[in-house]
Structures are given as structure tokens and as C-alpha cells.
Amino acid sequence: MIRALTIRTPGKGMHEITREIGGVVSEWGGQEGLCTVFVRHTSCSLVIQENADPSARRDLEAWFDRAAPESDPAYSHTAEGADDMPSHIRAALTAVSLSIPVMDGRLALGTWQGVYLFEHRRSPHTRQVVVHVS
Amino acid sequence: MIRALTIRTPGKGMHEITREIGGVVSEWGGQEGLCTVFVRHTSCSLVIQENADPSARRDLEAWFDRAAPESDPAYSHTAEGADDMPSHIRAALTAVSLSIPVMDGRLALGTWQGVYLFEHRRSPHTRQVVVHVS
Amino acid sequence: MIRALTIRTPGKGMHEITREIGGVVSEWGGQEGLCTVFVRHTSCSLVIQENADPSARRDLEAWFDRAAPESDPAYSHTAEGADDMPSHIRAALTAVSLSIPVMDGRLALGTWQGVYLFEHRRSPHTRQVVVHVS
Numbered sequence: 165m166i167r168a169l170t171i172r173t174p175g176k177g178m179h180e181i182t183r184e185i186g187g188v189v190s191e192w193g194g195q196e197g198l199c200t201v202f203v204r205h206t207s208c209s210l211v212i213q214e215n216a217d218p219s220a221r222r223d224l225e226a227w228f229d230r231a232a233p234e235s236d237p238a239y240s241h242t243a244e245g246a247d248d249m250p251s252h253i254r255a256a257l258t259a260v261s262l263s264i265p266v267m268d269g270r271l272a273l274g275t276w277q278g279v280y281l282f283e284h285r286r287s288p289h290t291r292q293v294v295v296h297v298s
Numbered sequence: 165m166i167r168a169l170t171i172r173t174p175g176k177g178m179h180e181i182t183r184e185i186g187g188v189v190s191e192w193g194g195q196e197g198l199c200t201v202f203v204r205h206t207s208c209s210l211v212i213q214e215n216a217d218p219s220a221r222r223d224l225e226a227w228f229d230r231a232a233p234e235s236d237p238a239y240s241h242t243a244e245g246a247d248d249m250p251s252h253i254r255a256a257l258t259a260v261s262l263s264i265p266v267m268d269g270r271l272a273l274g275t276w277q278g279v280y281l282f283e284h285r286r287s288p289h290t291r292q293v294v295v296h297v298s
Numbered sequence: 165m166i167r168a169l170t171i172r173t174p175g176k177g178m179h180e181i182t183r184e185i186g187g188v189v190s191e192w193g194g195q196e197g198l199c200t201v202f203v204r205h206t207s208c209s210l211v212i213q214e215n216a217d218p219s220a221r222r223d224l225e226a227w228f229d230r231a232a233p234e235s236d237p238a239y240s241h242t243a244e245g246a247d248d249m250p251s252h253i254r255a256a257l258t259a260v261s262l263s264i265p266v267m268d269g270r271l272a273l274g275t276w277q278g279v280y281l282f283e284h285r286r287s288p289h290t291r292q293v294v295v296h297v298s
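Read top to bottom, the protein sequences are chains W, P and L. Here the working numbering = 1-based position in the first sequence + 164. Here the working numbering = 1-based position in the second sequence + 164. Here the working numbering = 1-based position in the third sequence + 164.
Spelled out as C-alpha cells, the structure:
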């Protein structure tokens with residue numbers, strides 16, 4: 165089964181989508197399988213991270229801000245804004261697709277794992293996430 | 165269905181293989197499914213990136229050149245050449261496998277997404293890419 | 165078929181699990197398919213790397229130690245130990261899921277590819293790895 169989800173992000177940062185993905189698995193209705201999540205963009209990405217302490221997410225976002233900073237004079241691709249080129253770098257370093265087994269009818273995530281859409285652009289965006297379950 | 169593709173790369177940089185992957189999906193012939201791409205090497209990798217402005221790819225390649233430079237005195241694994249150890253680091257930071265949903269008989273890539281074989285070695289190489297569609 | 169494997173790691177570093185994954189593929193018994201490996205944690209991850217020269221693994225581990233160091237004063241998430249926040253960063257930069265085609269009844273890995281559980285915490289841990297084959 166395939167569902168295309170539309171996710172609205174409020175701007176830069178990690179936005180949890182575990183519930184939306186789980187909803188597709190529930191609709192699918194099987195007990196055992198594989199769920200693949202794919203993001204149709206090059207300036208946001210996917211990451212599975214700790215869903216407990218928000219400070220872990222803030223530190224992770226800050227690491228990417230340091231590793232691939234905005235307005236780095238080394239960039240030549242600047243026509244789409246200071247936040248565009250670092251977006252592509254951060255997307256390449258994280259994931260465009262994630263595959264999560266389904267066990268007992270649910271995503272086999274660990275206790276502390278959440279699935280996040282990692283928005284790399286400053287302004288709010290409407291993002292398309294395709295979920296495949298079989 | 166599985167197909168093993170042979171891709172010749174001209175040396176370091178991102179080499180687009182979207183058409184080759186799409187060819188396997190067309191040959192498969194189904195409407196809805198999942199296409200997984202896997203690279204059988206540890207000194208090249210896969211990345212989905214912007215297929216429009218070449219400056220974005222050049223900046224991305226340059227970022228990896230800075231983050232995992234050749235001839236870093238910190239490396240001890242130097243017997244296979246100055247470009248070998250950075251190749252392994254760049255491969256670990258990007259992807260060895262990518263899964264892309266198939267919708268309406270085609271890869272469900274976004275408008276600006278292209279699939280690239282990211283060659284990390286300086287000299288031309290012959291690379292094997294395995295494509296699974298089901 | 166789904167199998168949940170329990171892997172004991174001796175602490176920080178790359179721990180090869182190719183044989184354990186291959187064992188699930190053998191038990192499955194099919195000739196052609198796709199094997200997906202998923203790690204149920206946010207402080208360890210998966211990586212496919214060179215299985216020949218151990219110096220490549222040591223250099224790779226050392227690169228991550230430099231890129232996401234322990235005890236960086238920039239971290240605010242420190243309650244779980246100095247090795248916790250870098251663990252999350254290293255996990256985000258590598259992989260939580262990997263999909264490897266199965267050909268002729270075996271993982272279609274390249275000659276020099278091994279599958280590693282990359283433990284990011286200092287102390288020994290018991291980790292859960294879910295393997296799906298179909």
C-alpha cells in the first residue's frame with residue numbers, strides 16, 4: 165500500500181511524524197511487514213532520534229548549524245537563499261528514505277525512537293512524504 | 165525483480181543514474197511498488213540531490229572535500245592512496261542503499277530529485293549497483 | 165520473515181554483524197529478495213564498511229570522534245553522560261536502516277563490504293537489531 169502524506173513544517177528543525185506514519189501502518193492492517201518512508205525533497209530529510217528529552221534534538225540541530233553553516237563564503241550556490249545550500253548538505257548527511265519493520269501490526273521502533281521530518285529551510289514549507297507498506 | 169547494473173564513473177564527483185534506475189522500473193512493469201538501490205562498494209556511495217543547478221552539486225562535493233580531506237595526517241590507513249580513507253568516511257556519511265516508492269509505474273521522485281552515484285576515488289572506476297523492485 | 169536479533173557490544177566501535185544477518189537470510193531460504201536491517205536505538209547505528217584492513221575502521225571511528233567529540237561545551241543534553249549526545253549525532257550521520265538485495269540465496273554484498281553495528285556508547289550494551297527478508 166502507498167500513501168502520500170502532506171506535512172506542513174513551521175520552519176527549521178525536527179518535526180515528529182511518527183503518528184502519521186503509524187496511521188498508514190494501521191490503515192494497511194497487516195501484522196508483519198516493512199514500512200518505507202521517502203521524502204520527495206532535497207532541502208528537508210528524515211531522521212530517527214530520541215523522542216524523550218527535547219535538549220537532544222536542540223543539540224542535534226545546533227550541530228548541523230555548525231557543520232554546514234548558513235552563509236558560508238565557500239558556497240557558490242546562493243541564488244535560492246542563504247539557507248538553501250546548507251539544506252542540501254544536511255539532507256545528504258541524514259536520510260531521504262528509512263525502512264522500519266512492522267511487527268504485531270505496529271512499527272518496530274525502539275522505546276525512545278521517534279521519526280522526524282528534518283526541515284532545513286527557515287520558512288514554513290509544505291512537504292510530501294510517501295509511505296509504502298507491504 | 166533484481167538487476168545488477170554496471171556504471172562507469174569518470175572519477176570523483178556525483179554521477180547521475182536516475183535514468184538507469186528508471187529503466188529497471190520500466191522493465192519490471194508494475195504500477196505500485198518499492199525500488200531499492202544498493203551499491204556494492206565502500207569507496208563510492210549513493211545520494212539523492214538537486215538535479216537542476218550544477219552549482220549545488222559542486223558545493224556539496226566541496227563540502228565533503230573539506231569535511232573529510234585527502235592526506236589528513238590523522239589517517240593511518242594510507243596504503244591504498246590518499247583518496248581511499250576519505251572515500252570510506254564520505255561513504256559512511258551518505259548512503260549505501262536507498263529505497264524509492266514506485267507510483268503509477270514510475271519512481272516517486274520529487275521534481276528536483278536526481279539519484280547520483282557519488283564516486284569518491286580520483287580515477288575512473290567500474291561500479292556495480294544492484295536494483296531490486298517488488 | 166522477521167527476526168529480532170540480540171547483539172552484545174563491548175563498547176565504542178564498529179562490531180561486525182554480517183554473519184548474523186546472513187544467518188537470517190539462510191533461514192529464510194529464498195533465492196532472490198530484499199533484506200532490511202533496522203536498529204532499535206538512537207545511540208548506536210549501522211554502517212557498511214571495508215572488512216579487510218582494520219586501520220580503515222579505526223580511522224573512521226577516529227573521524228567521528230573528531231567530528232562529534234565527547235564533552236563539547238556546545239552540548240546542553242549532558243544528563244545521560246558525556247558520550248550520549250555525540251552518540252545521537254553519530255547515529256544521525258550514519259544509518260538506522262539498511263536494505264541489501266539477496267541474490268542466489270545470499271546477501272549481495274561486495275567483496276570488501278561488511279555490515280557493522282556501530283556502538284557509540286563507551287560501556288558494553290545489549291542491542292536489538294530487527295531483520296526483515298522478503
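The beta carbon of each residue, even a glycine, is placed where N, CA and C say it ideally should be. Predicted model only: the values in this text are computed from it and were never measured.
Residue contact with chain W for P/S263: present (Cβ-Cβ distance below 8 Å to some residue of chain W). Taking 8 Å as the CB threshold, L/Q195 stays off the interface with chain W.
Its Cα nearest to that of P/F228, the residue P/M249 stands out among P/M249, P/T182, P/D217. Excluding sequence positions up to five before and after P/A246, its CB lies within less than 7 Å of the CB of E234, S235, all in the same chain and listed in chain order. From the listed residues P/R222, P/A216, P/R204, the smallest Cα separation to L/E214 is found for P/R204. A check of alpha carbon separations from L/V211 across L/I264, L/D268, L/R286, L/G194 identifies L/I264 as the nearest.
For P/G186, no beta strand (DSSP E) encloses it; the enclosing alpha helix (DSSP H) starts and ends at 182-192. With contacts defined by Cβ atoms closer than 8 Å, W/A226 and L/A238 form a contacting pair. Per the Cβ contact rule, the region 282-290 of chain P is in contact with the region 172-192 of chain P (3 or more Cβ pairs under 8 Å).
Under the DSSP assignment, W/S261 falls in the beta strand (DSSP E) whose first and last residues are 261-267. In the DSSP annotation of this structure, the continuous segment of the beta strand (DSSP E) that includes P/R167 starts and ends at 166-173. Its chain contains G278, V279 as the residues whose beta carbon lies nearer than 6 Å to that of W/T182, once the 5 sequence neighbours on both sides are disregarded; these appear in chain order. Put simply, the backbone Cα of P/I253 is about 40 Å away from that of W/E191. For L/A226, the neighbours in chain P by C-beta distance under 8 Å run, in chain order, A238.
In this structure, P/V266 lies near P/C199, with their beta-carbon atoms less than 8 Å apart. With 16 or more neighbouring CB atoms inside 10 Å of its own CB, P/G197 falls in the buried class. By the Cβ neighbour-count rule, P/A272 is buried, with 16 or more other Cβ atoms within 10 Å of its own. Secondary structure within the region 189-248 of chain L: the beta strand (DSSP E) runs of 3 or more consecutive residues, fully enclosed, are 197-203, 208-214 (chain order). For L/E214, the chain P residues whose Cβ falls inside 7 Å of its Cβ are T206, H252, in order along the chain. What L/L257 touches in chain P, judged by beta-carbon distance under 7 Å, is L257, going in chain order.
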